[in-house]
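Asks: For the sequence shown, my numbering begins at 3 and goes up steadily by one.
Positions of the beta carbon are idealized from the N, C-alpha and C atoms, including for glycine.
The model shown is predicted, which means the values in this text are computed figures rather than measured ones.
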Amino acid sequence: MGRSTCAAALAGFATGLLQVTVLRELGVSVAAGEVLLGGFLAAWLLAGAAGAAVAASRKPDAGGTLAARLAWSAAILGALGVLVARALPWMASASPGGLPREWAMAAGVTVAAGLPAAALGALFDALSRTAGAAAGVGAYVPETLGFLASGLAVPFLLERSIGTIGLAGLAVAALVLAAAPGRGGAALALFTVLAASGPPGKAAEDWLLMLQWPGALAARGSATAASTLHVVERAGGAAVYSDGVLDFPLHATAAVEAAAHLPALLHSAPRRALVIGGGLAGVCRELLEHPGLHVDLCELDPESPRRLAAIAAPGSFRELDDPRVRTIELDARAWLERADTLYDMAIVRAPAPSRAALGRYYSAEFFTRLRGRLRPGAVVAVRMPVGPGFLGQADRRLGATMALTFRRAFPGAFLVAADELTLISAPLRCGADELARRLAERHIMLEYGTVEELGQRLSEEHAREQLLWLHTGVPPATAEIGTLGLWAALPEARLEGDLDIEAYRDSLLTGLAIWAPGLAGALKRAYGPPLAASALAAFGLTLLAGAAWSRGARRRRGSAGGDGRETAWRLSVATTGFAGMCATVLLMIAYEVRHGRLLGELALLSGVMMAGCAAGAKMASRRRLEGTPAASAVPEADLALAVTLGALGLALGLGTDASWRALPAYVWSGLAVMGLLTGWQFALAARLDATASAGAAAARCWALDLAGAAAGALTVTVLLLPGWGLAGSFLLLAACKAAAGVAGGGLERVSTRTSP
């Protein structure tokens, strides 16, 4: 194995580690859901394309000196990117636990992702040109395999053992070894790993956490497969944050007391309760005051009970030591599918659906599965993460959607409000006298509220007032209680799928408004299928116009060169990067919706596609390139990719339980097949470029592929997915790729006919 091959594999391994580490830290500092994912990928890919394009203009470096320098640069800039991502709140003067200003967020994401990506893109170019004609594929294959290795290592080994600083140190060590493969480089790489994962790394972790949480007295963090958890102590007390967003304070509140006791008191004798989300916020502890009640605790991040117990102050979660509490280390939806336990009551306290994965806790499918795990006469309480004191138009629409969807699964449910809105389904409502009697029987003392307040919330008049408020946005004190047919007048329920377009669009606009309020407002006015269709139509027309221009220029010049072929290959590579990244992000979001986690397996999902790329590139590198049939394989790969995307769209468009249960198979197979075709096309295009050496051709193809992918990362999150949903986006991408294949095939035929 040559030096450049080893260096490419190490660079790919470091790339996977840095992608996951920087994105995780930005997720805590910025907390913007899919908007962050699209922006991060676009910045990373565009910077990589720029680095490769700039480096491609240099003369080949047979000795590998340039590659070594770039590897050193990538190591330094990679560590700097992690530092910028973590210290962004401190540098942008954010309030403790708050978000930095819009310009600071955009600049931070660009710098944290762009600096290492540009160096890594230039490094790939240098490695692809070091070993001569075969280097284009020779560097591409080991780089993708190294990325896959990091994708396997992060979620199953490294993430739980060495932490953020350890991951960054390991990435730096891999790049150091790529720059200096001798004994000195190996010794320095080993020292870097030991320092990052040992006491020096722990000290750096503590210091950097205080930059990420400015104004905190102390902060401790832990990464899981689903999120990054922090326990932050301030003068007002300690609180738990998940991915940078406040999850719950560690002290008891009136809302928690009411959320636990009100549904428990509505049942005459509850014996087993299921708590989905928010149990560690005090709900579980309050429920244990009811004699004989056993609690199954199913947090939205299945690992959080164990992780928080390890990093919080002793005694913070003493309920976890109670024998009546059973911790379920499974995703809530997976538990509802597999459990054979029946419950007397269920409490669901999920955050607002600011990400696609959170919207699934308010879907009709989720409520139906929950209903199947309840005994007759069970009580269900679902917190609505809107209002009650600031119901704008988006809040009212979201709240009405949740309420209607819940009532379809639990007819007769009613709405109560105090510090928060709660949907409750119970066979009977109790008055204040009955609630007082049950409290006395169970020897429970309320700390924050009174029995009269609980009873008043359950009254019919109060429920009607809250429903009207939800519908009109007018506070109950000034609203007219008319004959509106309250539930019939509310908007139609739209959260009846695992990923609903309207719900995702609302959450996307909320996240986008943090970054660019003007853009969010413009998109809010213009959103809909016409916007997404016009964007794709413009993209397709641009491709066809470029093809026509190239064909005309070729005829006007009358030369015998391969201008038409070159345009066709570059067209195919750019559109493959665009469609491939769009499809990859779509499959990642679908995976998150199904499993509730993405960050921990981001590198693995990307690595599966890149492994397919490596396999396709290797296959193409062994193919003889004599005659037209080999050249025509490039547009043929376009058409094959179009068929793959169309098949994924049709499969996801079925919308049945069976199709969503098979979603993991769609994700893994789809990524692998798309990668295979992409790598095949990439290698063929690099080898068929007759205008330069293969190394420079590979660098140009790499830059085109990354530039297209950068455009795709933003397009899919801002236009395609909120405009058309999963299935529609795949079908539109299939049409786009088919158009590119047809255009590229036409160019190739023109070039063949006019060649001497």
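Rank Arg328, Ala352 and Val669 by C-alpha distance to the C-alpha of Val297 and give the top, closest one.
Replies: What you label residue 297 is simply residue 295 of the sequence shown in a count that begins at 1. When each option's Cα is compared against that of Val297, the closest is Arg328.
Asks: Identify whether Glu207 lies in helix, strand or coil by the three-state DSSP scheme.
Replies: Numbered from 1 along the sequence shown, position 205 holds the residue referred to as residue 207. In this structure, Glu207 counts as helix in the three-state DSSP scheme.
Asks: Ordered along the chain, which non-local residues of its own chain (more than five positions away) have a Cβ less than 7 Å from that of Leu733?
Replies: The sequence position of residue 733 within the sequence shown is 731, counting from 1. Same-chain partners within the cutoff: Gly648 and Gly651.
Asks: For Thr717, which of Gly579, Arg335, Gly672 and Ala240 has the nearest alpha-carbon?
Replies: Position 715 of the sequence shown, counting from 1, holds the residue named residue 717. Answer by Cα proximity: Gly579.
Asks: Could you tell me which whole beta strand (DSSP E) segments of length 3 or greater appear in the stretch 282 to 343?
Replies: The stretch 282 to 343 contains these whole beta strand (DSSP E) runs: 296 to 300 and 327 to 329.
Asks: Would Pro378 be called buried (16 or more neighbouring beta carbons within 10 Å of its own) or exposed?
Replies: For the purposes of this step, residue 378 is identified with residue 376 of the sequence shown, where counting begins at 1. Pro378 comes out exposed.
Asks: Let me confirm a value: Pro293 is counted as buried when at least 16 other C-beta atoms fall within 10 Å, else exposed. Which label applies?
Replies: As a first step, residue 293 is located in the sequence shown; it is residue number 291 there, counting from the start. It counts as exposed.
Asks: Near Phe250, what residues of its chain come up, given a Cβ to Cβ distance below 6 Å and the 5 sequence neighbours on each side ignored?
Replies: Sequence index remark: in the sequence shown, residue 250 carries index 248 (1-based). Cβ within range, chain order: Val242 and Ala283.
Asks: Name the DSSP bridge partner or partners of Tyr345?
Replies: Position 343 of the sequence shown, counted from the first residue, corresponds to residue 345. For Tyr345, which the question treats as bridged, DSSP gives the partners Leu376.
Asks: In whole angstroms, give me the CA-to-CA distance for Ala713 and Ala120.
Replies: Along the sequence shown, one-based indexing puts residue 713 at 711. Along the sequence shown, one-based indexing puts residue 120 at 118. Their backbone Cα atoms lie some 16 Å apart in a straight line.
Asks: Does the stretch 261 to 276 come within contact of the stretch 424 to 440, defined as at least 3 CB pairs closer than 8 Å?
Replies: The stretch 261 to 276 vs the stretch 424 to 440: in contact.
Asks: Write down the C-beta distance between Gly123 and Gly53 rounded to the nearest angstrom, noting that I regard them as a contact closer than 8 Å.
Replies: Position 121 of the sequence shown, counted from the start, is the residue given in the question as residue 123. Position 51 of the sequence shown, counted from the start, is the residue given in the question as residue 53. Right, their Cβ atoms sit about 3 Å apart.
Asks: So if DSSP puts Thr230 in a beta bridge, which residue, or which two residues, is it bridged to?
Replies: For the purposes of this step, residue 230 is taken as residue 228 along the sequence shown, with counting starting at 1. Partner(s): Ala225.
Asks: Buried or exposed, going by whether 16 or more other CB atoms sit within 10 Å of the CB of Pro447?
Replies: To locate residue 447, count along the sequence shown from 1; it is residue 445. One detail in the question is off: residue 447 reads as Met in this sequence, not Pro. Exposed is the call here.
Asks: How about the stretch 150 to 157 and the stretch 90 to 110: do they share at least three Cβ pairs that are nearer than 8 Å?
Replies: Taking 8 Å as the limit for Cβ pairs, the verdict is that the stretch 90 to 110 does not touch the stretch 150 to 157.
Asks: Nearest-angstrom Cα distance between Ala137 and Leu129?
Replies: Along the sequence shown, read from residue 1 onward, the residue named residue 137 stands at position 135. Along the sequence shown, read from residue 1 onward, the residue named residue 129 stands at position 127. Below a pLDDT of 50, predicted positions are generally treated as unreliable, and Ala137, at 42, falls in that range; the measurement from the model is reported next regardless. Roughly 7 Å between the two C-alpha positions.
Asks: Quick check on the DSSP output: the alpha helix (DSSP H) that includes Asp435 runs from which residue to which?
Replies: Against the sequence shown, residue 435 aligns to sequence position 433. Counting along the chain, the alpha helix (DSSP H) containing Asp435 begins and ends at Ala434 to Glu443.
Asks: Enumerate in chain order the residues of its own chain whose CB-to-CB distance from Cys1 is below 6 Å, with the five nearest sequence positions on each side excluded.
Replies: The structure shown does not extend to residue 1, since the chain spans only 3 to 758, so no value can be given for it.
Asks: Within 10 angstroms of the Cβ of Thr67, are there 16 or more other Cβ atoms? Answer buried if so, exposed if not.
Replies: The residue labelled residue 67 in the question sits at position 65 within the sequence shown. Exposed, since its Cβ has fewer than 16 Cβ neighbours within 10 Å.
Asks: So the candidates are Ala275, Pro272, Gly165 and Ala314; which of them puts its Cα closest to the Cα of Gly239?
Replies: Residue 239 sits at position 237 when you count from the first residue of the sequence shown. Nearest C-alpha to Gly239: Ala314.
Asks: What residue range does the beta strand (DSSP E) around Arg274 cover?
Replies: Working through the sequence shown from its first residue, we reach residue 274 at position 272. Taken as a continuous stretch (DSSP letters only), the beta strand (DSSP E) holding Arg274 covers Arg274 to Ile278.
Asks: By Cβ distance below 6 Å, which residues in the same chain neighbour Ala173 in space, the five residues on each side in sequence not counted?
Replies: By one-based count along the sequence shown, residue 173 stands at place 171. Once the five neighbours on either side are set aside, the close Cβ partners of Ala173 are Ala16, Leu19, Leu20 and Gly80.
Asks: Answer with buried or exposed for Thr343, where buried requires no fewer than 16 other C-beta atoms within 10 angstroms of its C-beta.
Replies: Position 341 of the sequence shown, counting from 1, holds the residue named residue 343. Thr343 should be labelled exposed.
Asks: Which residues does DSSP list as the beta-bridge partners of Met386?
Replies: Position 384 of the sequence shown, counting from 1, holds the residue named residue 386. Met386 pairs with Leu423.
Asks: In the structure shown, what three-state DSSP assignment does Ala170 receive?
Replies: For the purposes of this step, residue 170 is taken as residue 168 along the sequence shown, with counting starting at 1. DSSP places Ala170 in helix when its eight states are reduced to three.
Asks: Evaluate the contact criterion for the stretch 302 to 314 versus the stretch 226 to 234: three or more CB pairs, one atom per stretch, below 8 Å.
Replies: In short, these stretches touch, since the Cβ pair count reaches three.
Asks: Would Pro378 count as contacting chain C if we go by Cβ distances under 8 Å?
Replies: The structure shown contains no chain C; it holds only a single protein chain.
Asks: Buried or exposed for Phe368, going by 16 or more other Cβ atoms inside 10 Å?
Replies: Taking the first residue of the sequence shown as 1, we reach residue 368 at position 366. Result: buried.
Asks: Quick check on this structure: which residue in Val32, Leu190, Ala442 and Val156 has the alpha carbon closest to the alpha carbon of Ser244?
Replies: As a working mapping, residue 244 is identified with position 242 in the sequence shown. Among Val32, Leu190, Ala442 and Val156, the Cα nearest to that of Ser244 belongs to Val32.
Asks: Quick one: using the 10 Å Cβ neighbour count with 16 as the cut-off for buried, is Lys739 buried or exposed?
Replies: Taking the sequence shown and counting its residues from 1, one reaches residue 739 at position 737. With 16 or more Cβ atoms within 10 Å of its Cβ, Lys739 is classed as buried.
Asks: Just the C-alpha distance for Glu603 and Ser270, rounded to the nearest angstrom, thanks.
Replies: As a first step, residue 603 is located in the sequence shown; it is residue number 601 there, counting from the start. As a first step, residue 270 is located in the sequence shown; it is residue number 268 there, counting from the start. Roughly 44 Å between the two C-alpha positions.
Asks: Where does Pro144 fall in DSSP's three states?
Replies: Looking up residue 144 in the sequence shown gives position 142. Looking at Pro144 - three-state DSSP - the assignment turns out to be helix.
Asks: Leaving aside the five residues before and after Glu454 along the sequence, list all residues of the same chain whose C-beta is less than 6 Å from its C-beta, in chain order.
Replies: Numbered from its first residue, the sequence shown carries residue 454 at position 452. Excluding sequence neighbours, Glu454 sits near Ala434.
Asks: Apart from the five residues just before and just after Met621, which ones in its own chain have a Cβ nearer than 7 Å to its Cβ?
Replies: One-based indexing of the sequence shown puts residue 621 at position 619. Trp682, listed in sequence order.
Asks: Quick one: measure Cβ to Cβ for Leu600 and Met590, integer angstroms, because I've assumed they're closer than 8 Å.
Replies: Within the sequence shown, the letter at position 598 stands for residue 600. Within the sequence shown, the letter at position 588 stands for residue 590. Rounded, the Cβ-Cβ distance is 6 Å, consistent with contact.
Asks: Is the beta carbon of Glu449 less than 8 Å from the beta carbon of Glu594?
Replies: Taking the sequence shown and counting its residues from 1, one reaches residue 449 at position 447. Taking the sequence shown and counting its residues from 1, one reaches residue 594 at position 592. No.
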